[in-house]
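First up is the structure itself, then whatever we jot down about it.
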Amino acid sequence: MLSSALCLSGAQAIAPELVRDLALGENEAKVKAIAAVVAGGEAGALSLLQALQDGEVQTAGDRVLQVKDNVATDLVTGAAVQPLPEPRDEVVLNNRVRRDLATAIAALKLTSDDRATRLAAAKELQRGADDEMLPAIRRAVDKEQDAEIRSLLTLSRATIELGSPDKTTRIGAIRALAESRDPNTKTLLLPLLDRKGGDFVEPDSDVRAEAELSLRAVENRLATGEMISRVFSGISLGSILLLAALGLAITYGLMGVINMAHGELIMVGAYATYVVQNLFRSYAPGAFDGYLIAAVPVAFLASAATGIVLERSVIRFLYGRPLETLLATWGISLILIQTVRTLFGAQNVQVENPAWMSGGVHLLSNVVLPYSRIAIIGFAAAVVTLIWLLLTRTRLGLFVRGVTQNRSMASALGVPTGRVDTYAFGLGSGIAGLAGCALSQIGNVGPDLGQSYIVDSFMVVVLGGVGQLAGTVYAAMGLGIANKFLEAWSGAVLAKIALLVFIIVFIQKRPQGLFALKGRMADA
Amino acid sequence: MNAALPPQVATEFRRTLAAPERPLLTRGGWATFTVVAYVLLVLVPALNLLLPASHPLHVSDYVVTLAGKIMCYAIVALAMDLIWGYAGILSLGHGLFFALGGYAMGMYLMRSIGREGVYHSDLPDFMVFLDWKTYPWYWSFTDHFWYAAMLVVLVPGVLAFVFGYFAFRSRIKGVYFSIITQALTYAFMLLFFRNDTGFGGNNGFTDFKRILGYPIAAPGTRVALFVATGVALLGALLLARWIVTSKLGRVLTAIRDAESRVMFCGYSPLHYKLFVWTLSAVLCGIAGALYVPQVGIINPSEMSPANSIEIAIWTAVGGRGTLVGPMLGAFVVNGAKSWFTQAFPEYWLYFLGLLFILVTLFLPRGVIGLLRGRR
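Residue numbers (the working numbering), protein chains in the order written: chain A, 5 to 528; chain B, 144 to 518.
Written out as structure tokens, the structure is:
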């Protein structure tokens with residue numbers, strides 16, 4: 005312990021009567037002594053208070069000793085005491101003294117050279133600092149270089165100064181609070197504007213006006229923060245929806261195939277990620293953080309292969325009979341679910357985030373953007389860009405677009421529609437696998453994973469319309485953001501219901517979705 | 144897509160609209176109908192109630208309840224066949240109407256528990272748990288059986304009518320219709336899962352004590368419910384048969400095969416579709432109301448999209464557009480389900496999944512089609 009080592013040299017600087025008050029005095033005297041020790045700021049103050057907190061301070065008669073490992077030191081003289089005097093009493097602290105002691109230690113620790121210690125101390129002070137700590141805090145604010153600690157300390161200082169009898173000090177404190185990024189400042193400012201029995205709690209009108217201004221500034225900042233985090237989580241949800249629905253948009257748009265097993269292809273991708281993770285853990289634990297890089301192509305290939313098998317073995321025979329396809333693919337989904345249950349068990353499996361995904365960006369005091377969500381947004385954007393390039397810049401993309409627009413004409417011009425179907429279905433399924441890989445990083449991975457996304461992905465496709473990538477993107481983002489805003493207003497379940505109802509109504513007005521391909525078909 | 148109909152469809156189309164009036168049931172049909180009615184309404188109740196449990200011909204309570212439950216499903220399959228087999232509209236939300244009928248009946252059953260719940264309160268246990276003091280407004284009058292029975296018909300009926308009116312008016316059809324019906328039942332499931340909705344949340348309604356004053360678990364009550372379900376099933380079959388043999392039914396079939404042509408002939412498909420859609424929902428509601436007292440529980444999982452899709456497979460297995468087929472399908476699939484989930488629970492989903500695939504690939508006309516094809 006650093007403190008006990010220092011105490012030998014440092015304790016003498018503190019006045020002996022203070023030390024006696026601390027150990028032998030009544031609670032009231034102890035509290036005063038603690039404040040005096042902090043205000044004095046002598047070199048040994050921290051170690052003395054620390055020893056008191058750790059229960060190392062004992063008394064024998066009117067001598068005050070620090071007893072540690074059966075070695076006693078007289079705290080007034082600093083001399084070692086041999087042998088241990090008997091009987092000794094422990095210094096009893098009640099809760100109030102204990103609390104004061106904790107803040108006092110925090111105030112003293114503010115002068116520490118270690119940034120982490122100072123930060124912890126500043127946070128401790130947030131929980132409650134007394135007027136007596138003010139000089140220590142003021143000293144610390146003046147010296148502090150680190151911005152985060154400085155802002156915490158400024159807030160503590162302002163909190164204490166709000167109670168100051170001096171008007172200019174109070175106004176200064178209020179101004180300081182307005183600049184703080186802490187969401188709690190609002191609760192500090194609000195009481196200033198309260199009335200108690202007709203009179204304002206704060207008698208001075210200048211101070212009240214200043215408080216009102218500050219409060220408005222704080223509220224604005226909080227509202228901005230909430231707005232940002234809501235939009236962000238909306239975009240994040242939208243990206244998830246987009247990933248889940250993108251593959252569906254391709255298979256449905258191209259072949260008119262309602263693939264009810266799409267959710268299960270997402271699940272296959274998630275389980276592929278799980279398998280890759282386990283392989284890395286067993287065979288390459290050093291490269292564990294990089295497993296996602298390997299999992300992305302594996303998830304794509306696993307789901308794409310499953311999709312191609314399905315297309316060749318079942319779906320191919322049902323083209324042009326969408327309702328039957330719907331039922332058959334539902335059957336496939338049941339089989340896939342049960343297969344996964346048999347292979348991996350019915351319980352959810354653990355997919356760990358790589359270390360670089362934990363944590364987040366502190367944008368504002370009440371806004372934290374987690375890296376995992378940022379990664380998913382980026383991933384969704386990358387996938388959409390790639391798919392867009394594939395559809396618009398490659399020969400396969402040209403064929404796919406041709407078949408989507410007019411199957412028989414494309415066939416007549418020599419497009420091998422059967423093979424295009426297989427590739428496109430594989431592509432759509434592979435994207436579902438990518439979605440599964442992404443979802444494994446933020447949610448549970450279990451056999452029922454796909455079921456929870458299938459209705460949502462269909463809603464996105466229905467809303468966005470068929471055959472246009474942009475429609476899917478807008479629909480997913482719109483639904484995601486709308487969902488988050490409604491959620492704040494009405495709760496998660498009602499928000500979801502409201503959106504489903506909205507889509508049902510929307511379909512009445514625009515049965516072809518937001519973006520429909522223009523054509524001349526009577527029935528589409 | 145519909146520009147040129149395949150010739151066989153066109154011929155069938157002309158034939159359907161111009162066919163002469165068909166009899167309600169053929170002579171053989173009536174004979175079978177009578178035999179089935181005798182078995183359901185006389186033989187099974189007698190074998191259950193009059194014979195001692197040790198007698199080889201005794202029908203156990205378990206079988207009566209299971210058969211009663213499956214008959215409810217058969218009514219649903221029949222309703223599904225009306226809308227899917229004859230009008231070509233695949234609903235993935237029929238579980239919703241079934242559950243709504245069940246909930247309406249469940250409200251009555253909950254109120255007839257009286258003060259015998261865990262908390263000995265006038266309110267159902269879940270409301271006591273939520274610290275509610277009075278019944279919400281939509282629970283008023285549900286202690287009267289006839290009012291609850293009216294709700295059984297009205298709630299699914301009105302919901303289906305309103306939903307169907309808007310959907311059919313905008314000419315939503317095919318998979319789009321299927322998907323939005325699925326979204327509808329999903330939304331309702333989420334709604335009913337909430338405790339605040341006032342329908343018992345996750346747990347739904349259970350622990351019923353009596354119906355119309357009779358103890359609900361007594362053998363006599365069970366058989367009475369069984370018979371009531373049998374009557375409902377046979378009645379629904381006759382009604383459905385009457386509809387599909389009438390001109391209305393033929394227009395429906397025509398809409399299924401070539402909606403645009405029917406419109407060009409001067410018919411407005413909206414009313415035909417809306418009628419059969421609403422009727423189908425009401426039948427489901429009645430089936431749900433008969434189901435709840437026999438099974439003794441209703442909860443929101445009945446509204447899950449998966450349940451509604453299963454209804455479609457009963458219909459497909461039996462054979463769409465045959466009325467008898469879907470009823471048969473409901474018996475076959477649900478019988479297999481009870482057997483599988485007891486004997487090898489882990490293979491049930493494989494079986495069900497394969498059933499979905501094989502029936503759609505190889506048996507587009509279902510079991511009935513297979514039987515008729517052989518003959």
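Note that CB positions come from ideal geometry on N, CA and C, so glycine has one too. Source: prediction; values computed, not measured.
At a cut-off of 8 Å between beta-carbon atoms, T346/A makes contact with chain B.
By the CB criterion at 8 Å, G244/B and G428/B fall inside the cutoff. DSSP places Y357/B within a strand segment (E or B) once states are collapsed to three. In summary, F407/B is exposed, with fewer than 16 beta-carbon neighbours lying within 10 Å of its beta-carbon over all protein chains present. Comparing alpha-carbon positions, the option among Y287/A, V222/A, M271/A and S51/A lying closest to A306/A turns out to be M271/A.
Judged by pairs of C-beta atoms under 8 Å, the segment 453-473 of chain A does not touch the segment 289-307 of chain A, as fewer than three such pairs exist. Here the segment 57-69 of chain A lies against the segment 22-34 of chain A, with 3 or more beta-carbon pairs under 8 Å apart. Under the three-state reduction of DSSP output, P91/A falls in the coil class, being neither helix nor strand. Going by DSSP, T77/A is part of the beta strand (DSSP E) stretching over V75 to D78. For a Cβ distance threshold of 8 Å, residue set Q325, A326, Y329 and P448 of chain B lies close to V459/A, ordered along the chain.
When only Cα atoms are considered, S433/A and P195/A end up about 58 Å apart. Using a 10 angstroms sphere on the CB of R165/B, the tally of other CB atoms stays under 16, which defines it as exposed.
Looking from the CA of I458/A, the closest CA among V222/A, A253/A and P169/A belongs to A253/A. DSSP places R316/A in the helix class (H, G or I) of the three-state scheme. Per DSSP, the continuous alpha helix (DSSP H) segment holding A474/A begins and ends at L473 to S494. By the rule that beta-carbons nearer than 8 Å mark a contact, Q512/A touches chain B.
Separation of N370/A and R143/A (C-alpha to C-alpha, rounded to the nearest whole angstrom) is 28 Å. Residues of the segment 374-408 of chain B whose Cβ lies closer than 9 Å to any Cβ of chain A, in chain order: E402 and S403. DSSP, read as helix, strand or coil, puts H237/B in helix.
About 16 Å separates the beta carbons of L355/B and F284/B, which is beyond the 8 Å limit, so they are not a contact pair.
For F321/A, the chain B residues whose C-beta falls within less than 7 Å of its own C-beta are L504, listed in chain order. Taking C-alpha positions only, T163/A is separated from L181/A by approximately 8 Å. DSSP, read as helix, strand or coil, puts G439/B in coil. Runs of the alpha helix (DSSP H) lying entirely within the segment 244-311 of chain B, each at least 4 residues long, are 268-272 in chain order.
Scanning the segment 354-421 of chain B from its first residue to its last, the whole alpha helix (DSSP H) runs of 4-plus residues come out as 362-388, 390-400 and 402-407. The alpha-carbon separation between L246/A and L296/A amounts to approximately 20 Å.
The Cβ of F462/A sits closer than 8 Å to at least one Cβ of chain B. Short of 6 Å from the beta carbon of T364/B, and not among the five residues preceding or following it, lie these beta carbons of its own chain, in chain order: Y357. Against S481/B, chain A offers no close residue; the least beta-carbon distance is about 17 Å (beta-carbon pairs closer than 7 Å).
The three-state secondary structure of R514/A, taken from DSSP, is coil. Distance from the CA of F241/B to the CA of S451/B, rounded to the nearest whole angstrom, comes to 9 Å. Burial state of G251/A is buried, judged by a 10 Å Cβ sphere holding 16 or more other Cβ atoms. Per the C-alpha coordinates, the member of T172/A, Q445/A and D425/A positioned closest to Y375/A is Q445/A. Going by DSSP, A64/A is part of the beta strand (DSSP E) stretching over V61 to A64. Restricting attention to alpha helix (DSSP H) runs no shorter than 4 residues, the segment 175-232 of chain B encloses them at 187-192 and 204-223, ordered along the chain. Here G231/B is buried: its Cβ has 16 or more other Cβ atoms, across all protein chains shown, within 10 Å.
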